[in-house]
Amino acid sequence: MNERAAALRARSSDGVGRPGFGGLLLTGVILVILVGMGIGLTLYLLPGTALEVPGNQPELRIVQESEFPVGASRVESWGDAIILVIRPEEGRYVALQGTSPDQGCILRWDEESRRVVSPCGYLVYDLQGNVVAGLTRQPLRRYQVFVRQGVVFVVDPSVAERG
Amino acid sequence: MPDRAALQRRLAEAGRWLDDRTGLSFVGKIAKKKEVPLHRHTVWYYFGGMTLFLFTIQVATGILLLFYYRPSSEEAYESVRFLMGEVRFGWLIRSVHAWSANLMIFTAFIHLFSVLLLKAYRRPRELTWVSGVILLGIAMGFGFTGYLLPWNELSYFATRVGTEITAAVPLVGDFALKLLRGGEDVTGATLTRFYAIHVAVLPALTTMILGFHLYLVQRHGMSVPPSEEDRGGGRRALKFFPGFLMRDMVGWLAALAVLTALAAYFPTELGKEADPFVPAPAGIKPEWYFMFMFQTLKFLPPHILWIFEGEMVGILAFSAAGLLLLLVPFFDPEGTGDRSRLIGRVAIAAIVFMIVMTIVGYLVSPTQ
Chain A
1 MNERAAALRA
11 RSSDGVGRPG
21 FGGLLLTGVI
31 LVILVGMGIG
41 LTLYLLPGTA
51 LEVPGNQPEL
61 RIVQESEFPV
71 GASRVESWGD
81 AIILVIRPEE
91 GRYVALQGTS
101 PDQGCILRWD
111 EESRRVVSPC
121 GYLVYDLQGN
131 VVAGLTRQPL
141 RRYQVFVRQG
151 VVFVVDPSVA
161 ERG
Chain B
1001 MPDRAALQRR
1011 LAEAGRWLDD
1021 RTGLSFVGKI
1031 AKKKEVPLHR
1041 HTVWYYFGGM
1051 TLFLFTIQVA
1061 TGILLLFYYR
1071 PSSEEAYESV
1081 RFLMGEVRFG
1091 WLIRSVHAWS
1101 ANLMIFTAFI
1111 HLFSVLLLKA
1121 YRRPRELTWV
1131 SGVILLGIAM
1141 GFGFTGYLLP
1151 WNELSYFATR
1161 VGTEITAAVP
1171 LVGDFALKLL
1181 RGGEDVTGAT
1191 LTRFYAIHVA
1201 VLPALTTMIL
1211 GFHLYLVQRH
1221 GMSVPPSEED
1231 RGGGRRALKF
1241 FPGFLMRDMV
1251 GWLAALAVLT
1261 ALAAYFPTEL
1271 GKEADPFVPA
1281 PAGIKPEWYF
1291 MFMFQTLKFL
1301 PPHILWIFEG
1311 EMVGILAFSA
1321 AGLLLLLVPF
1331 FDPEGTGDRS
1341 RLIGRVAIAA
1351 IVFMIVMTIV
1361 GYLVSPTQ
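Chains A and B, in that order, are what the protein sequence lines are.
Heads up: the first sequence at position 54 corresponds to 54 in the working numbering, and the numbers run straight through without jumps.
So the mapping is simple: the working numbering equals the position in the second sequence, first residue as 1, plus 1000.
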């Protein structure tokens, strides 16, 4: 026992003795803080979803094809514009202006009659956005639609030209 | 596992190699030589270091915010909303940045007034004082320009009101307003301009002036207040390294604890997106450190002595007060005598005035 104590004393006098409990604790705490900060920083910097500013992108992501059943429709906003996206049949998508040009009412897709109708007045449009019935002549604006990697996108030609 | 002694030897060799090429060991020598006087006002010495610590947090969180922020009127608000809603810890980084800015200016004010009241600006520390006052002005500039960047309703209209004040400056007011805004009104051009000032111009200025300030602090050491010198105090000293630095770090940890608590419990809100075409909401107020000036200008009558515009007189008075503050060491180079006592009394009156007007600014109705 005495030999061991003497050996420890000798090592301490060399300045290379064992670190004390306080030193170990401090090192441990600093390590935990650094690792925690490192993990937090990595999570912060790893991109999750990308920011898409509405009205400022040449294309608008709508939804995955698998979540868009045939016969269904979706109303999406894109900046100031409202867009009605319809999937009338398998493999075909249509995107039209989502509000009536005169009253600004949000339009509805009627699957049974395959027409776009206004709930505010008697206005009926076909899938090309042309007026079928009602007291207006102004057709609906049409948007291009494409599918990329199973996701439906709408393109605004004016924004695409600007971009 | 390598022997501990061998590891230490290798580290020492690496240190020598680095020192041969950089000569950086002089920093350690200075730190070992440097001493901090011990007396009953020593506590005020910690606020300079605390301000510096909060500034480094500002820089670190500011850089992190740059990874997501987009400086245009179309994207700024959306990018901050995205940061707060979608990016992990994004809300925390933004909150820490905003709260540390407020705390930094608060500790900078304490540092400035403690230096003023302890007469630490005396010869030969005139330039240390001047650079410090300029740094406080820059810190307030950081706050003013950074406030607009989220492009929300509150920041938009507060900036509109804040920049409008420059128009009241005689002769060059309209020119200064246009220069500051980048046009007639606060628009996307103002945002881009403020962004450039916030992330490039002010940091560059800060780096230069802060470096100069720290060099002077190192060169002249800490000042012992005249009252302590008269009492024979300040003869005892504490080694800067490790004693004072360790105590300084305790202060930093305390500041960090307060900062994280504020950021976590009171996260900075984003509010509604700025819309230049809607009327300004009631109760638009500037950041707290501009409140005393804002409220004073509101209290001034439209015309003083039937000739001068009240707002113009107020702005000129604040400008003159700022200039006098900058030149304090040249009026009182020794820190003793009647003039020095007068400066001390004026400083206390100024502190009371600033506190009272700030409280009044938050209490009175926005229409008053």
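Each residue gets a CB set at the ideal place from its N, CA and C atoms; glycine is no exception.
So for GLY134 (chain A), helix, strand or coil by DSSP? strand
So LEU1149 (chain B) packs on ALA1076 (chain B), CB below 8 Å; how close in whole Å? 6 Å
From which residue to which residue does the beta strand (DSSP E) around LYS1239 (chain B) run? 1237–1239
State whether the stretch 1229–1241 of chain B contacts the stretch 1060–1068 of chain B, with contact taken as three or more CB pairs (one from each stretch) at a distance under 8 Å. no
Alpha carbons only, please: which of B:HIS1213, B:ALA1168, B:PRO1124 and B:LEU1054 is nearest the one belonging to PHE1318 (chain B)? Distance from the Cα of PHE1318 (chain B) is smallest, within the candidate group B:HIS1213, B:ALA1168, B:PRO1124 and B:LEU1054, for B:ALA1168.
Per DSSP, cross-strand counterpart(s) of ALA81 (chain A): Its beta-bridge partners are A:TRP78.
Quick check on GLN1008 (chain B): buried or exposed, where buried means 16 or more other Cβ atoms within 10 Å of its Cβ? Exposed, by the Cβ-count rule.
Taking all protein chains shown into account, do 16 or more other C-beta atoms lie within 10 angstroms of the C-beta of GLN138 (chain A), making it buried, or fewer, making it exposed? exposed
If you run the structure through DSSP and keep just helix, strand and coil, what is TRP109 (chain A)? In the three-state scheme derived from DSSP, where H, G and I count as helix and E and B as strand, TRP109 (chain A) is classed as strand.
Which residues, in chain order, does the stretch 1076–1094 of chain B contribute to contact with chain A at a C-beta distance below 8 Å? GLU1078, SER1079, PHE1082, GLU1086, VAL1087, ARG1088, PHE1089, GLY1090 and ILE1093
At the level of alpha carbons, what is the spacing between TYR1147 (chain B) and LEU45 (chain A)? In a straight line, the C-alpha of TYR1147 (chain B) is about 24 Å away from that of LEU45 (chain A).
Suppose contacts are defined by Cβ-Cβ distances below 8 Å. Is GLY134 (chain A) in contact with LEU127 (chain A) by that definition? no
Residue-chain proximity (PHE1067 (chain B), chain A), Cβ-Cβ < 8 Å: yes
What residues in its chain sit with their C-beta under 8 Å from that of TYR125 (chain A), if we drop five residues either side in the sequence? LEU96, LEU107, ARG115, VAL116, VAL117, VAL131, VAL132, PRO139 and LEU140
By how many angstroms is the C-alpha of MET1104 (chain B) removed from the C-alpha of PHE1089 (chain B)? 22 Å
For the candidate residues A:ILE62, A:THR42, A:GLY48 and A:LEU26, whose alpha-carbon lies nearest to that of PHE146 (chain A)? Out of A:ILE62, A:THR42, A:GLY48 and A:LEU26, A:ILE62 has the C-alpha closest to the C-alpha of PHE146 (chain A).
Cβ separation of TRP1252 (chain B) and PHE1106 (chain B), assumed to be a contact under 8 Å, to the nearest whole Å: About 15 Å separates the two Cβ atoms, so there is no contact after all.
Sequence-distant residues of the same chain with beta carbon closer than 8 Å to GLY1132 (chain B), five excluded per side: HIS1111, LEU1112, VAL1115 and HIS1213
Can you tell me which residues form a DSSP beta bridge with PHE146 (chain A)? A:PHE153
Under 8 Å, Cβ to Cβ, is there at least one residue of chain A near LEU1326 (chain B)? Taking Cβ atoms only, chain A never reaches closer than 8 Å to LEU1326 (chain B), which makes this a no.
Hey, out of A:VAL75, A:LEU34 and A:PHE68, whose CA is closest to GLY98 (chain A)'s CA? Taking only the C-alpha atoms, the option nearest GLY98 (chain A) is A:VAL75.
Let me see if you follow: with CB-CB separation under 8 Å, is LEU45 (chain A) close to chain B or not? At least one chain B Cβ lies under 8 Å of LEU45 (chain A).
Taking 8 Å as the cut-off, decide whether the C-beta atoms of HIS1041 (chain B) and PRO1225 (chain B) are in contact. yes
Can you list the residues of chain B that THR49 (chain A) reaches, using a CB-CB cut of under 9 Å? Within 9 Å Cβ-Cβ: PHE1082 and GLU1086.
As a quick exercise: from B:ILE1307, B:ALA1006, B:ALA1274 and B:THR1358, pick the residue whose alpha carbon is nearest that of TYR1156 (chain B). B:ALA1274
For ALA95 (chain A), three-class secondary structure by DSSP: strand
Suppose contacts are defined by Cβ-Cβ distances below 8 Å. Is PHE1241 (chain B) in contact with VAL1036 (chain B) by that definition? no
Under three-state DSSP, which class holds GLY15 (chain A)? For GLY15 (chain A), the pLDDT reaches just 49, beneath the cut-off of 50, and the residue's location in the model is therefore unreliable, although a value from the coordinates is still provided. GLY15 (chain A): coil per DSSP, three-state reduction.
CB contact below 8 Å: LEU1253 (chain B) versus chain A: no
Kindly list the residues whose CB is nearer than 7 Å to the CB of LEU51 (chain A), restricted to its own chain and excluding five residues on each side of it in sequence; keep chain order. If we look at LEU51 (chain A) and ignore the five residues flanking it on each side, it has no Cβ neighbours.
Give, in chain order, every residue of the stretch 1054–1066 of chain B whose Cβ lies closer than 9 Å to some Cβ of chain A. LEU1064
For GLY20 (chain A), which residues in chain B fall below 8 Å Cβ to Cβ? None at all; the shortest Cβ gap to chain B is about 14 Å.
Compute the beta-carbon to beta-carbon distance between LEU1154 (chain B) and ILE1284 (chain B), rounded to the nearest angstrom, for a pair I have assumed lies under 8 Å. 7 Å
Contact set for THR1260 (chain B): own chain, Cβ-Cβ below 8 Å, skip 5 residues either direction: VAL1096
Can you tell me the Cα-Cα spacing of ILE82 (chain A) and ARG1160 (chain B), whole angstroms? 32 Å
How far does the beta strand (DSSP E) with LEU46 (chain A) in it extend, from its first residue to its last? Taken as a continuous stretch (DSSP letters only), LEU46 (chain A) belongs to no beta strand (DSSP E), as it is neither H nor E.
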